[in-house]
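Undergrad: Okay, handing you the structure first.
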Amino acid sequence: MLDRKLLLASSVIAGLGLAPVGAWAQTQTQASAKSEKAAEDGDAVEAIVVTGSRIKRNAYNSASPIQVITSEQSELEGLVNTTEIIQSSSLASGSFQVADELTGYNVTGGPGVNTISLRGLGANRTLVLLNGRRLTPSGVRGTVGPVDLNTIPNAMIDRVEILKDGASSIYGSDAVAGVVNYITKTDYDGGRVRVYGNAPFAKGGGGQEYSAEASWGKTFDRGYISASASYYKQMALRRGDRDYTSCSADNYYSTTNGARVDLTDPATGDYKCFNQINNVAYTSGYGGYFQYMQPGTSYSYTGNTAPGFVASNAAFANLARVARANYPETYRVANYDSSVWQRATVISPVERASFYVTGGYDLGAGVEAYGEFLYNRRNSEQNGARQLFPTVATTNPNNIFGAAGGTAYPVIAVAYDSIQKVDYYRGLGGLRGDFKFLEGSKLGFLSGWDWDVYGQYGKSDGTYSVSSINSDAIAATTAAGASNYCVQSLVTISGGDCSTLPTGIPWFSSRVLAGQFTDAEKAFLFGVDVGHTTYEQSLVEASFSGELFSLPAGKVGAAFGFTYRHDDFDDSPGTASLNNNNWNLTRAGHTFGTDTTTEAFAEIDVPVLKDLFLVKSLDLQVSGRHTEVDSYGDSDTYKIGLNWQITPTWRLRMSDGTSFRAPSLYELYLADQTGYSVADPCILYGSSGASQTIVTNCAAQGVSATQASYSTLVTAGGGKGILKAETSESKTIGVVFTPSFINLKVAVDYADIDISNEITQFGAAKIAARCYESVGLSSPFCSLVTRDPTTHLLTLVKNDYVNVASQKSRAIDLTTDYRHDFDNGGQLYFNSQFSWQLQDTSNLFGETEEDDYNGTTYIYDGPDFSGKASLSYRKGPWTYTWSSTITGKASDAEILGDTVGSAKYATSTSYDYVVGSTYYKYVHVKYHTEFMAYHNVSARKQIDDKTTMTFGVQNLFDEAPPSISSSYRVGNSEIWGYELRGRRGFLSIERSW
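Mind the numbering: the sequence shown is residues 348 to 1340 in this note's numbering, read in order.
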């Protein structure tokens, strides 16, 4: 017969999640009660392994705090997206996360990736597991590192366990902020199908979700098998779908009376939307931006003139001056909107399909063969908008402004789209068993030990494309020369044919400024750049666990083992990116590299005291790990935990340990990415107030004291040979209250995490400044800076990944779980999880003060308070649930201030200060967000023994996201952290057999 301990153990754990509001691992006395009852009945309930330990335990408790989210809890809240489920937890919702809201932003893992960052410490510092084992990183482009949550097989997930403190001594690298462990269903007999739909009530929709799942499992005498297939689709939510995302108003306020001072749009009567200026021409010779006048719009306003401007000239007759500093009226009619902008995605569309199968078979003699296979396909897309503004030579035949126009360029809104297809594979096979056959022999002391050996292979294979603008085509159509409509010799990479454009491109025509290119122009100027990314990981692990000996307080448990892991990463960007031919974007190189990790680990659980006054039990848990990584060397980590059951009502738990994060492959091997930045500390050093050391060094390098501003080439690459592991220390202490007179469990936990040697990019300007602030240019940073001995210009700064940062996080977590059974058969459940961030600071090497991000908006790290609460009532076939997601108020005013100087709202007669010939007026800005609570309701009907229907409403009161004045926003709303879709309804139907 198959040893069914794993199946039975899974049943016990799943039983913890029967409450609709979820399970709470640390205080769930029901688990131990079930174990005790089963023992009384003679049932063979085996010990189980929980997240945060490799030692099997009869009681489901730990010295480390764990939060549990069950699949039933998520379903009652109307959540099926794996990312949304984990990112809405209290440990994640208070900090910025990477999800589908980040169209146009560069994120680790590439566009379309979804990751989890516990306590805001970064996705690279949160370890994600599936059934206690590592998942291979997945994504596209040159910075693949964290696990992509899109790869998780949601249909088979039973629960998610979140370990709230560091655990590198247990799991190895990356477990700095904590561990997220997805546990699949294993005790499965029969089948299940489920369909789900979620749609906004708002007119126009956008952001709809649909999913379909099918799963089946069979347990038989000598084995078990479970399989699932799932499909998920999320529709795009676009800027134009909601008022609060379509319009980026200034959101400015008077410094005297607090009244809003935003300009209004004469066409709508509402506040002017300053989304993205386009459909205009810029000319320095005539003073700024001009646009073609439209019928029905009045252009009779102050400021619609320019030095040397001749209105009677046919080339200028239909042009009006707009967006002119110190002339507010010129902004009201300026073109700041476009169909391209409104088309851009706020929530990007994604489609994914997964297949997962797991099984085990009894080989006899106490040995079981087991395995898992996972396949996932992600198709995702982001639609963005960018500006095309090529400078057209003054002698180019399509430059209508000529030499008098000076620097002249059109500003055109064009689409900027990205598409990804990522195939993810993960296969695992192993053997596990025990040493019961040694019972009665000289090695009988090992008869109670178990062993487990497995091998695992994972691969992410992604293809990605991005809209490109051919730099060589731009150069060919903007070149100098009275007859140079299109210069074929300048088309060196894209392969465009100038003969298709005999008169070039009329850059300043109303048609082209509006983005209405002909087919020939589109074919010549635009393309699609296609790249390919693979990430492979091979892993072998052997572990052993059992009991060493007995003490008066109980048996001493232990576990030890070995791990070997090899990672291989390869990213090949498209031709345009490799050859720096994507206009106004940085060059990307071919990134590839490997790394190998070998580890040995051990853990021991010692029952110190038991059944004494104020000591019902006292257990000590100690673990350690030695890690050797080819790329940098070795690391040693430890963890000590104390679990003190004072009385049946009170328990104290605490832990202290170290963790580490080995450099990711992209941080080691990233090929040089090139761009330009103003980085020279010697610019205007004679009058800029620079320190005497900088003045001396600049003069010694031959730099003029009046050197004007310019841009320096900046390269960013990997730090192979320089980087070492990040290290951290994590301390937790918690109190658990479980009174016997009421079914209530309350826990308060304090966490303190201190990270050193954080890997980041220091920044080109800071690198150059550190160099020139050192006496005689003696700083190691000077090796990253190159200055031309002839021109005396700073020609290169290498902004590679380095160990230059530290970060500190302190927080308090409160978890409450309550259940009450009514005489009428009804059951009431309440669960809440709240987190208060007490400290969130970071420091770059050489800085004298820490940067304090505690209580900031999501633009930095996130509010200092967040949480969830849910209340359910179950009677008969019905379950009713009310749940709330809560986010505290936040402010960036301490970092950015609460006023800015605006040339838009100043005039020559109403201003606060002057810079050169430009007047500025102070206005108050809204750099804060209010307290926000979203409420959801649902009802579940058990139609019969096999059919269940769940329906409900999310964001019941249709709360709009808070507005903000920052440039990092979508419309008037923050990019992440708030509900952008509005009120939504969902329906789920499930059938089992």
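By construction, the Cβ of each residue, glycine as well, lies at the ideal position given by its N, Cα and C atoms.
Assign L426 to one of three DSSP states: helix, strand, or coil.
TA: Three-state result, L426: coil.
Undergrad: What three-state label does DSSP hand G1173 in the structure shown?
TA: Coil at G1173, not helix or strand.
Undergrad: How many angstroms separate the CA atom of F663 from the CA atom of A546?
TA: If you take the alpha carbons of F663 and A546, they lie about 50 Å apart.
Undergrad: Scan the stretch 505-576 and note each continuous beta strand (DSSP E) run of 3 residues or more that stays entirely inside, going in chain order.
TA: Those beta strand (DSSP E) runs which fall completely within the stretch 505-576 and span 3+ residues are 525-531, 537-547 and 556-567.
Undergrad: Let me know the secondary structure DSSP gives S924 once reduced to three states.
TA: Note: S924 maps to helix in three-state DSSP.
Undergrad: Between which residues of its own chain and Q377 is the CB-CB distance below 6 Å, once the five residues before and five after are set aside?
TA: Interpretation of Q377 is limited by its pLDDT of 36, a score under 50 that renders its predicted location unreliable; the figure taken from the coordinates is listed afterwards. Around Q377: no qualifying Cβ.
Undergrad: Looking only at C-alpha atoms, which of T974, N746 and I840 sits nearest to G874?
TA: That would be I840, whose Cα lies nearest to the Cα of G874.
Undergrad: Can S1320 and N1283 be called in contact, C-beta distance under 8 Å?
TA: No, the Cβ-Cβ distance between S1320 and N1283 is not below 8 Å.
Undergrad: Quick one: measure Cβ to Cβ for G802 and V887, integer angstroms, because I've assumed they're closer than 8 Å.
TA: At roughly 5 Å, the Cβ-Cβ gap stays under 8 Å, so G802 and V887 are in contact.
Undergrad: For Y1016, does the three-state DSSP call read helix, strand or coil?
TA: DSSP places Y1016 in helix when its eight states are reduced to three.
Undergrad: Once you ignore the five residues that flank A1112 on each side, which residues in its own chain have a CB closer than 6 Å to its CB?
TA: Closer than 6 Å at Cβ, skipping near neighbours: A1026.
Undergrad: Fully enclosed by the stretch 587-612, which alpha helix (DSSP H) runs are 4 residues long or longer?
TA: Fully enclosed alpha helix (DSSP H) runs of 4 or longer: 590-593.
Undergrad: Should the stretch 909-925 be regarded as contacting the stretch 933-942, the criterion being three or more beta carbon pairs within less than 8 Å?
TA: Output reads yes: the stretch 933-942 touches the stretch 909-925.
Undergrad: Of the choices K619, G1033 and C594, whose alpha-carbon is the least far from that of Q689?
TA: Checked all of K619, G1033 and C594; the closest Cα to Q689 is C594.
Undergrad: In whole angstroms, what is the alpha-carbon distance linking A827 and N745?
TA: Their backbone Cα atoms lie some 10 Å apart in a straight line.
Undergrad: Pick out the complete alpha helix (DSSP H) segments inside the stretch 770-831, 4 residues or longer, and give them in chain order.
TA: Runs found: 818-825.
Undergrad: For the beta strand (DSSP E) that Q1108 lies in, which residues bound it at each end?
TA: Counting along the chain, the beta strand (DSSP E) containing Q1108 begins and ends at L1091 to Q1108.
Undergrad: Quick test of the definition: if touching needs 3 or more C-beta pairs under 8 Å, does the stretch 966-976 touch the stretch 1053-1069?
TA: Too few Cβ pairs lie closer than 8 Å, so no.
Undergrad: Between the stretch 1069-1086 and the stretch 975-984, do three or more beta carbon pairs fall short of 8 Å?
TA: Judged by Cβ distances under 8 Å, the stretch 1069-1086 makes contact with the stretch 975-984, as three or more pairs qualify.
Undergrad: Once the 5 residues before and after A561 are set aside, which same chain residues still bring their CB inside 6 Å of it?
TA: If we look at A561 and ignore the five residues flanking it on each side, its Cβ neighbours are V540 and A576.
Undergrad: Please look up how many angstroms separate the CB atoms of V669 and V687, rounded, as I've assumed it's under 8 Å.
TA: That pair is no contact at about 19 Å.
Undergrad: Measuring alpha carbon to alpha carbon, tell me which of F736, F855 and E1105 ends up nearest Y1148.
TA: Closest by alpha carbon: E1105.
Undergrad: Check each candidate in Y804, L1015 and Q992 and name the one with the smallest Cα separation from Y911.
TA: The candidate whose alpha carbon is nearest that of Y911 is Y804.
Undergrad: Which whole-angstrom value is the C-beta distance of G399 and T974, which I expect to be below 8 Å?
TA: Contact doesn't hold; Cβ gap of about 18 Å is too wide.
Undergrad: Can you check whether the CB of Y1269 is closer than 8 Å to the CB of T1246?
TA: Against a cut-off of 8 Å, the Cβ pair of Y1269 and T1246 comes out as a contact.
Undergrad: Per DSSP, L967 forms a beta bridge with which residues?
TA: V953 and L989, per the DSSP bridge assignment.
Undergrad: Sorted by chain position, which residues of the same chain lie with C-beta nearer than 7 Å to D390's C-beta, five sequence neighbours on each side aside?
TA: Per-residue confidence for D390 stands at a pLDDT of 42, beneath the threshold of 50, marking its modelled position as unreliable; no derived number is given.
Undergrad: Let me check understanding here. Comparing Cα to Cα, which of K1251, E431, L1191 and S440 lies closest to S1182?
TA: Considering only alpha carbons, the answer is S440.
Undergrad: Excluding the 5 residues flanking G1202 on each side, which residues of the same chain have their C-beta closer than 7 Å to its C-beta?
TA: For G1202, where only same-chain residues beyond five positions count, the Cβ hits under 7 Å are P1210, D1211, A1237 and S1238.
Undergrad: If you follow the beta strand (DSSP E) that Q1154 is in, where does it begin and where does it stop?
TA: Element bounds for Q1154: Y1148 to D1168.
Undergrad: Within the same chain, show all residues whose beta-carbon is closer than 6 Å to that of V427, passing over the 5 residues directly before and after it, in chain order.
TA: Closer than 6 Å at Cβ, skipping near neighbours: Y543 and S558.
Undergrad: Would you call Y1023 buried or exposed, if buried means 16 or more other Cβ atoms sit within 10 Å of its Cβ?
TA: With fewer than 16 other Cβ atoms within 10 Å, it is exposed.
Undergrad: Does the beta-carbon distance from G537 to S1285 come in below 8 Å?
TA: No.
Undergrad: What span of residues does the alpha helix (DSSP H) with W688 cover, start to end?
TA: It spans S686 to R690 - the alpha helix (DSSP H) in which W688 sits, taken as one unbroken run.
Undergrad: Let me confirm a value: Y452 is counted as buried when at least 16 other C-beta atoms fall within 10 Å, else exposed. Which label applies?
TA: It is exposed - the Cβ of Y452 has fewer than 16 other Cβ atoms within 10 Å.
Undergrad: Please report the residue range of the alpha helix (DSSP H) in which V1042 lies.
TA: It spans Q1039 to A1047 - the alpha helix (DSSP H) in which V1042 sits, taken as one unbroken run.
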